[in-house]
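Participant:
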Amino acid sequence: MTGEYDGQKYVLVSDKPGQTMVRGEDKDAWGLLNVYGTKDHANQPAVSFEFDDRGAELFAALTKTNIDNALAIVVDGRIVSAPIIRTALGKTGMITGKFTEQEAAALVHALRAGMPPASQPLSTHSATPSVDKDGVVWGAPENGIQAGLRYGTSRHPYEPGEQIDFLLLVRNVGSADAVLDDYVPLSGWGPTVHDANGKRLPVAIPAMGRPVKIRRSVLKSGQMLEVGRIWLELDAQSPDPHIDLSPGEYRVSQTYRFDKREGTTWAGEISTGQLPLTVVVKRDPQPAS
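Residue numbers 53 to 341, in this note's numbering, belong to the letters of the sequence shown in order.
1. Does the separation of the CB atoms of residue 311 and residue 229 fall below 8 Å?
2. Measuring only the C-alpha atoms, how far is residue 239 from residue 309?
3. Considering residue 154, what are the terminal residues of the alpha helix (DSSP H) in which it resides?
4. Do residue 220 and residue 280 have their C-beta atoms closer together than 8 Å?
5. Starting from the Cα of residue 216, find the closest Cα among 224, 222, 223 and 207 and give me that residue.
6. Please report the distance separating the alpha-carbon of residue 325 from that of residue 199.
7. Excluding the five sequence neighbours on either side, which residues of its own chain have a C-beta within less than 8 Å of the C-beta of residue 333, listed in chain order?
8. Run the CB neighbour count on residue 243, radius 10 Å, all protein chains shown included, and call it buried at 16 or more, exposed below.
9. Pull up the DSSP beta-bridge partners for residue 119, would you.
10. In three-state DSSP terms, what is residue 105?
11. Examine the Cβ distances between the stretch 288-307 and the stretch 243-254 and report whether three or more of them are shorter than 8 Å.
12. If we ignore side chains and look at the alpha-carbon of each, how far apart do residue 321 and residue 143 end up?
13. State the CB to CB distance for the pair residue 293 and residue 248, rounded to an integer number of angstroms; the pair is presumed to be in contact (CB under 8 Å).
14. Per the DSSP calculation, residue 305 is bridged to which residue(s)?
15. Determine the contact status of residue 316 and residue 231, defining contact as a CB-CB distance below 8 Å.
16. For residue 154 and residue 197, what's the separation of their Cα atoms in angstroms?
17. Helix, strand or coil: how does DSSP classify residue 297 here?
18. Pick out whichever of 314, 313, 297 and 318 has its Cα sitting closest to the Cα of residue 331.
19. Cβ atoms of residue 105 and residue 213: under 8 Å apart, would you say?
20. By how many angstroms is the C-alpha of residue 285 removed from the C-alpha of residue 328?
21. Could you tell me the distance, in whole angstroms, from the CA atom of residue 94 to the CA atom of residue 335?
22. Are there 16 or more other CB atoms within 10 angstroms of the CB of residue 122, so buried, or fewer, so exposed?
23. Name the one or two DSSP bridge partners that residue 202 has.
24. How would you label residue 266, buried or exposed, when you count the other beta carbons within 10 angstroms and need 16 or more for buried?
25. Is it true that the CB of residue 118 sits closer than 8 Å to the CB of residue 101?
26. What residue range does the beta strand (DSSP E) around residue 283 cover?
27. Let me know the secondary structure DSSP gives residue 141 once reduced to three states.
28. What residue range does the beta strand (DSSP E) around residue 91 cover?
29. Would you mind reading off the limits of the beta strand (DSSP E) that contains residue 342?
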């Protein structure tokens, strides 16, 4: 199997597990959950993406064993991009290169063509979240680092059209100092939303036009960092990350990534716990007295 991209020819050199990601069925089914345009650390156009859990598992195995090799991305039999794998990735990643805004937008469009339908259930697990006294739901620790999510303002039932403000936190629950690198402002990942049955719901993520820069944080044992604020609009017409939800009970979480650079003590993806969200019927405006 051969293909061509940007004047270069690519040849399939292996179809063994761990060397390819071909959409399968049942246990091998996987999909992209989010694809959107963004900016890299040099403020150049880039494309960010997020896999479902099975896709993250396969992509981690693929990238771990192919660092510094080109990865041909094939949609409908056509190579739409061929980035070099610079580091092992998992659930989230970013495709960078000398893109124009138009080229990045075209790649987003091509990759979205391979995303699963919004109605496809991606998770059937529904857990009762554990909210601490400060209103934070913490995820499982990763190498002594733990991520948490809470409401930025007092939690209350939300109506369609409202904006929800979340605060993303990270704390060092290990015994040694932690040195972490990430990007600010937050690179655009919207929160993850599940319904009461555990089905993941699609969050629309617009392209981010803001410049980003690298931030280094040193957390001593027991120290906590406010990573940043995350917004979610219950308005399908919003230019910010948004979702259209009917009245009911939902769970919101966030996955975040710290980058590996010289001097860091840990890099990888980390997820918060699931924060309860209640959406109610929009009330009619009260007449002026």
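Positions of the beta carbon are idealized from the N, C-alpha and C atoms, including for glycine.
Just so we're clear, the structure is a prediction, and the values are computed from it rather than from any experiment.
Facilitator: Let me spell this out:
1. no
2. With a pLDDT of only 48 at residue 239, under 50, the local geometry of the prediction cannot be trusted, and no value is derived from it.
3. 153-164
4. Result yes, Cβ atoms of residue 220 and residue 280 sit closer than 8 Å.
5. Nearest neighbour of residue 216 by Cα position, chosen from 224, 222, 223 and 207, turns out to be 207.
6. 8 Å
7. 211 and 299
8. buried
9. Beta-bridge pairing links residue 119 to no other residue.
10. helix
11. Result yes; three or more Cβ-Cβ pairs closer than 8 Å.
12. 7 Å
13. At roughly 21 Å, the Cβ-Cβ gap does not stay under 8 Å, so residue 293 and residue 248 are not in contact.
14. Paired residues: 244.
15. Yes, Cβ-Cβ distance for residue 316 and residue 231 is below 8 Å.
16. Each residue's Cα considered, the two are about 38 Å apart.
17. coil
18. 297
19. no
20. 16 Å
21. 45 Å
22. exposed
23. Beta-bridge pairing links residue 202 to 219.
24. Label assigned to residue 266: exposed.
25. no
26. 276-285
27. Looking at residue 141 - three-state DSSP - the assignment turns out to be coil, as it is neither helix nor strand.
28. 84-91
29. No answer is possible for residue 342: it lies beyond the span of the chain, which begins at 53 and ends at 341.
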